[in-house]
Amino acid sequence: MRWFVFVLVLILTNCSIDELPSCEGIGFEGQICKEYQYVFGRYNGVNEYEYDLNTGFISRIITKRKNGSIEGVASYSYDDEGRLLSIVFKDSKSQLLKEKKIYYNDAGDIEAEVILGKTKTEHNYHYVGDALITEIFSVNGQIKWSDSLEYFSGTNEIYRKLRFIDKTLYQITYYEVFTNNVIEERVTNYNGITQTKKVTYYNENQEIIEELTYSKENVLLNKVAFIYFDGELDKIEKYNESGEKYEELNYQRY
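Here you go:
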């Protein structure tokens with residue numbers, strides 16, 4: 005077994021991304037079976053996906069280090085309507101790290117996300133009709149921040165989000181949608197001075213194809229490119245402010 009693992013690691017380290025091993029086991033056509041991570045061009049590990057063959061939903065994601073050893077496992081559970089209810093995270097020794105629980109209101113919208121681990125975090129969502137108007141995030145019962153969302157009159161198109169810390173305005177995020185499938189998010193401080201900006205591009209199928217993050221001086225800090233093949237996400241490439249690719253996620257499918 006040790007020899008097999010060594011050979012597999014050697015193959016993954018030296019082969020090109022286009023030559024990665026194909027999927028193993030049983031899955032549905034088009035579903036992700038493995039997500040390979042490369043950091044600065046070197047193989048760094050893999051997420052292996054398992055599915056419930058009755059529903060087609062993800063049942064487990066096994067994270068393995070570059071040497072083939074298991075780093076952790078995430079297990080997923082759903083309700084009868086197919087909504088995600090919980091994700092349980094365990095380490096390589098099956099010790100519980102944390103559990104994320106998701107709660108829904110009668111309309112089917114997410115009402116709360118609770119993470120139980122060394123600390124308890126809670127993210128609550130409040131709606132008027134089908135419009136999200138407030139988000140509150142707390143740690144161990146103490147509110148860390150709250151967001152108030154505002155929309156263009158008579159629409160469900162968000163205009164801005166106001167973040168408050170200790171009931172004091174901390175920052176504002178403005179949203180602008182352009183006709184060429186581009187969304188801009190501009191974050192300012194409470195005085196309205198721009199701190200960061202993110203520009204997201206979509207293709208004609210409304211699939212995200214690029215994310216650009218800029219500094220307050222409008223200098224490109226980070227670029228994330230989403231690359232598709234036959235209509236499916238094939239890989240994600242991340243570049244730093246120097247234009248150097250520092251991470252790549254490559255997807256294998258059944």
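In this note's numbering, the protein residues as written are 5 to 258.
Yeah, the Cβ is synthetic: ideal placement off N, Cα and C, and Gly gets one too.
Model, not experiment: these values are computed from the prediction.
Which residue's Cα is closest to the Cα of Asn-58: Tyr-178, Tyr-82 and Leu-216?
The shortest Cα separation from Asn-58 among Tyr-178, Tyr-82 and Leu-216 belongs to Tyr-82.
Among the candidates Leu-224, Lys-94, Tyr-255 and Phe-230, whose CA atom is the shortest distance from the CA of Gln-210?
Of the candidates Leu-224, Lys-94, Tyr-255 and Phe-230, the one whose C-alpha sits nearest the C-alpha of Gln-210 is Phe-230.
Contact belief for Ser-157 with Thr-138 at Cβ below 8 angstroms, rounded distance in angstroms
With a Cβ gap of about 19 angstroms, Ser-157 and Thr-138 do not count as contacting.
Beta-carbon separation (whole angstroms), Asp-110 vs Tyr-131, contact threshold 8 angstroms
With a Cβ gap of about 11 angstroms, Asp-110 and Tyr-131 do not count as contacting.
Continuous beta strand (DSSP E) assignments of at least 3 residues falling wholly in the region 77–125
DSSP runs (the beta strand (DSSP E)) wholly in the region 77–125: 88–95, 100–108 and 114–120.
Collapsed DSSP secondary structure at Cys-27 in the structure displayed:
Cys-27 falls in the coil class under three-state DSSP.
Provide the residue(s) that pair with Glu-39 in DSSP beta bridges, ordered along the chain.
Paired residues: Asn-51 and Tyr-255.
Would DSSP call Ser-219 helix, strand or coil?
DSSP, read as helix, strand or coil, puts Ser-219 in coil.
Simplified DSSP state of Thr-200, which is helix, strand or coil
Thr-200 falls in the strand class under three-state DSSP.
DSSP three-state call for Thr-183: helix, strand or coil?
Secondary structure at Thr-183: coil, using DSSP grouped into helix, strand and coil.
Is the beta carbon of Tyr-53 less than 8 angstroms from the beta carbon of Phe-61?
Not closer than 8 angstroms, so no.
Alpha carbon to alpha carbon, how far is Thr-123 from Asn-51?
Rounded to whole angstroms, Thr-123 to Asn-51 spans 25 angstroms at the Cα level.
Sequence-distant residues of the same chain with beta carbon closer than 6 angstroms to Val-274, five excluded per side
Coverage of the chain is limited to positions 5 through 258, which leaves residue 274 absent and any answer about it impossible.
In the DSSP output, which residue or residues are listed as bridge partners for Thr-67?
Within the DSSP bridge table, the entry for Thr-67 names Asn-51 and Gly-76 as partners.
Could you work out which residue in Lys-239, Val-203 and Asp-238 is closest to Val-223 when comparing CA atoms only?
Nearest to Val-223 by alpha-carbon distance, out of Lys-239, Val-203 and Asp-238, is Val-203.
Name the residue from Lys-201, Gly-235, Asn-207 and Phe-233 whose alpha carbon lies nearest to the alpha carbon of Ser-219.
Nearest to Ser-219 by C-alpha distance, out of Lys-201, Gly-235, Asn-207 and Phe-233, is Lys-201.
With a threshold of 8 angstroms between beta carbons, is Ile-197 in contact with chain C?
Absent here is chain C; the protein component of the structure consists of one chain.
Coil, strand or helix - Phe-61 by DSSP:
DSSP places Phe-61 in coil when its eight states are reduced to three.
If you draw a straight line from the C-alpha of Ile-212 to the C-alpha of Ile-74, how long is it?
For the pair Ile-212 and Ile-74, the Cα-to-Cα distance works out to about 31 angstroms.
Rounded to the nearest angstrom, what separates Ala-116 and Arg-164 at their Cα positions?
Going by the C-alpha atoms only, they are around 22 angstroms apart.
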